[in-house]
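Counting in my numbering, the sequence shown runs from 472 upward without gaps. C-beta atoms are modelled at their ideal positions from N, C-alpha and C, and glycine is treated no differently. What follows is a short report on a single structure.
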Amino acid sequence: MYIMYNVRVLMKDVNDMNESENEELSFKDFDLSPEVRDSLKKMGVKKPTTIQQKAIPLLMDDLSLIAKAPTGTGKTFAFAIPILEYLNMNVDFVQALVLCPTRELALQITSEFKNLGRFIKGFNVVSVIGGQNIRTQQNKLSRNPQVVVATPGRLLDLVGRKLIDISEIYTLVLDEADEMLKMGFIKDIKRIIELTPKDKQMALFSATMPREIQDITWQFMEGAAQIDVMPKADDHPNIDEYIIEVPEKDKASAIISVLDAENIRKAIVFCNTRTQTEKVLHKLETHGISCDALHGNIGQGGRNRVMDGFRKNKFNVLVATDVVARGIDVDDVEAVFNFDIPNENEFYLHRIGRTGRAGRSGKAYSLVAYMDKSRMEEIIRYTSCNPEIYNLRGSL
Numbered sequence: 472m473y474i475m476y477n478v479r480v481l482m483k484d485v486n487d488m489n490e491s492e493n494e495e496l497s498f499k500d501f502d503l504s505p506e507v508r509d510s511l512k513k514m515g516v517k518k519p520t521t522i523q524q525k526a527i528p529l530l531m532d533d534l535s536l537i538a539k540a541p542t543g544t545g546k547t548f549a550f551a552i553p554i555l556e557y558l559n560m561n562v563d564f565v566q567a568l569v570l571c572p573t574r575e576l577a578l579q580i581t582s583e584f585k586n587l588g589r590f591i592k593g594f595n596v597v598s599v600i601g602g603q604n605i606r607t608q609q610n611k612l613s614r615n616p617q618v619v620v621a622t623p624g625r626l627l628d629l630v631g632r633k634l635i636d637i638s639e640i641y642t643l644v645l646d647e648a649d650e651m652l653k654m655g656f657i658k659d660i661k662r663i664i665e666l667t668p669k670d671k672q673m674a675l676f677s678a679t680m681p682r683e684i685q686d687i688t689w690q691f692m693e694g695a696a697q698i699d700v701m702p703k704a705d706d707h708p709n710i711d712e713y714i715i716e717v718p719e720k721d722k723a724s725a726i727i728s729v730l731d732a733e734n735i736r737k738a739i740v741f742c743n744t745r746t747q748t749e750k751v752l753h754k755l756e757t758h759g760i761s762c763d764a765l766h767g768n769i770g771q772g773g774r775n776r777v778m779d780g781f782r783k784n785k786f787n788v789l790v791a792t793d794v795v796a797r798g799i800d801v802d803d804v805e806a807v808f809n810f811d812i813p814n815e816n817e818f819y820l821h822r823i824g825r826t827g828r829a830g831r832s833g834k835a836y837s838l839v840a841y842m843d844k845s846r847m848e849e850i851i852r853y854t855s856c857n858p859e860i861y862n863l864r865g866s867l
C-alpha cells in the first residue's frame, strides 16, 4: 500500500554524491519488488543510468524531486519504477499523473509503464492525448487506471468534462518541463497542479531551468530534493558512435553507402527541419531505399500509420525530425543517422538512444560537413562521447 509521509525537508542537494559509489549501484540495491525485477530482466536492463541511480532512492523515500537532466538518459524508468513500487491495487482512483509536452512522448512513456508493470496483476496505465477520440479515452478511463500519462490541454479538457478525477493522486510528474513551457503550457500546468492534492509527491524533470520553471519549483515544490545530471557515455553502453566527414551535398549518398556496407535493414535518419526531411526522403527513394517520413506537419492519424508500418518492417528507413522523435520507441532499430547535426546538445543523446534498445547493440552515424564541425565538437564535450571516424569504402 502506498503511504504518503507528507515530508517537507530542507533543500537536499545530492549533486555531491560520490561518483564511484554511483558506479557500483545496480537495480538490486533498490530493493525492488519481484514483479519489477522480472520486468527489467525480461527487457534486458541490468544497470541503472546516472539519473536512475540518483532519482530512484529519493523518490522511493517519498521526497519530491527537481531533476535537471537531458533527454535520452533514462528518465522514464527513474520516475516509473518508484510509482509502480508504491501502487495501491485496492483502490479505484488515479494514483499517479505524468504530464509531458507531446502526444508521441506520452505514448512512449505509456509503453514503458506497460513494459515495467507487465507482471503486476491488475495494473493499468492510460494515455490521455489530443488527436484521439474523446469517447475512446472515456472508455479507457472507465477501467480505473492507476497511472495516467497526459498532455496538459487534453487532460484539462477531460477534467472539465468530469471524465477524469485527479484530486486524489499520490504522485505528479512533470516530464520535459522546459519543452512544455516552450509549447505554451505553463498556465495549464499550474492549473493542473492546483487541482491535485497539496501533499502529493512531485517530480519535475527538465533539461534546462528557465525562470518560469523555477517559478513552479518555488511556488509548488518547497523542500524538494535537487539533482543535476550531466549525460555520461556509460548510459549508452550498447551504441557504437561514428563520425562521417562528408560534404553537405554527399550526405544522402553516404547514408546509402553505409546502409549497403554494414547490411543495415532498419534505420532512422534525423533531420533538423521538415523541409530537409522531405528532401532526404526523396533522395533516398530515388536510390531505391524503402522509406517514409515523420514530422510535425503530419497529422496524428498519419503518424500512427507511419510508425505502425515501421514497426512491422513495411519499409526500412524512417526519416524524422526532433519534433516527433520522442515517440519513436522501436526495439529493433539497427542504426541512427544524424543527417543534420542537432541544434541542441541533449537532442544528440535522445536521437542515438533510438537504437541499442532492449539489450540490443546499435550504431549511430553523424554526417559532419565542414560547417558542422564546431557543433559536433560541442556535442562531444557536452556528452563525453568518443565517436570514431568512419571511413567510407570507395567513392560517393
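Can you tell me whether residue i is buried or exposed, with buried defined as 16 or more other CB within 10 angstroms of its CB?
{"i": "Met673", "result": "buried"}
{"i": "Lys518", "result": "exposed"}
{"i": "Ser761", "result": "exposed"}
{"i": "Thr792", "result": "buried"}
{"i": "Asp800", "result": "buried"}
{"i": "Lys834", "result": "buried"}
{"i": "Ile605", "result": "exposed"}
{"i": "Asn493", "result": "Legend: pLDDT at Asn493 = 42, less than 50; position of this residue unreliable, value from coordinates given subsequently. The residue in question, Asn493, is exposed, as its Cβ has fewer than 16 Cβ neighbours within 10 Å."}
{"i": "Gly588", "result": "buried"}
{"i": "Met701", "result": "exposed"}
{"i": "Met778", "result": "buried"}
{"i": "Arg632", "result": "exposed"}
{"i": "Ala415", "result": "Limits of the chain in this structure are 472 at one end and 867 at the other, which puts residue 415 out of reach."}
{"i": "Pro553", "result": "buried"}
{"i": "Gln690", "result": "exposed"}
{"i": "Met475", "result": "For Met475, the predicted model reports a pLDDT of 32, less than 50, meaning its position is unreliable; a value from the coordinates is still stated below. Its Cβ having fewer than 16 others within 10 Å, Met475 is exposed."}
{"i": "Lys720", "result": "exposed"}
Taking the DSSP output, what are the residues bridged to residue i?
{"i": "Ile714", "result": "Ser837, Ile860"}
{"i": "Thr792", "result": "Cys742"}
{"i": "Ala806", "result": "Ala738, Lys834"}
{"i": "Gln672", "result": "Thr642"}
Are residue i and residue j touching if we call contact CB-CB under 7 Å?
{"i": "Tyr713", "j": "Glu859", "result": "yes"}
{"i": "Ile527", "j": "Phe501", "result": "yes"}
{"i": "Glu575", "j": "Ala678", "result": "no"}
{"i": "Leu570", "j": "Leu645", "result": "yes"}
{"i": "Arg624", "j": "Gln771", "result": "Note that residue 624 is Gly in the sequence shown, not Arg. Contact flag unset, no."}
{"i": "Ala540", "j": "Val618", "result": "no"}
{"i": "Leu863", "j": "Ser728", "result": "yes"}
{"i": "Leu666", "j": "Ile637", "result": "yes"}
{"i": "Lys786", "j": "Asp763", "result": "The question names Lys, but residue 786 in the sequence shown is Phe. Result yes, Cβ atoms of Phe786 and Asp763 sit closer than 7 Å."}
{"i": "Gln609", "j": "Leu643", "result": "no"}
{"i": "Val790", "j": "Leu820", "result": "no"}
{"i": "Asn857", "j": "Asp811", "result": "no"}
{"i": "His766", "j": "Arg736", "result": "no"}
{"i": "Asn595", "j": "Arg614", "result": "yes"}
Am I right that residue i and residue j are in contact with their C-beta atoms under 8 Å? What's the rounded C-beta distance?
{"i": "Thr573", "j": "Thr520", "result": "Not quite, the Cβ-Cβ distance comes to about 22 Å (not below 8 Å), so this is no contact."}
{"i": "Leu529", "j": "Ala696", "result": "5 Å"}
{"i": "Ala538", "j": "Phe584", "result": "That pair is no contact at about 18 Å."}
{"i": "Arg825", "j": "Val807", "result": "5 Å"}
{"i": "Arg822", "j": "Asn809", "result": "6 Å"}
{"i": "Ser598", "j": "Val620", "result": "5 Å"}
{"i": "Leu755", "j": "Val794", "result": "With 8 Å as the limit, Leu755 and Val794 do not qualify as a contact, their Cβ atoms being about 20 Å apart."}
Entirely enclosed beta strand (DSSP E) segments - the stretch 544 to 620, minimum 3 residues: For the stretch 544 to 620, whole beta strand (DSSP E) runs of length 3 or above, ordered along the chain, are 567 to 570, 596 to 599.
Beta strand (DSSP E) segments (min. 3 residues) lying fully within the stretch 688 to 771: 696 to 699, 710 to 716, 738 to 742, 762 to 765
Completely contained alpha helix (DSSP H) runs for the stretch 507 to 536, where each covers 4 or more residues: 521 to 531
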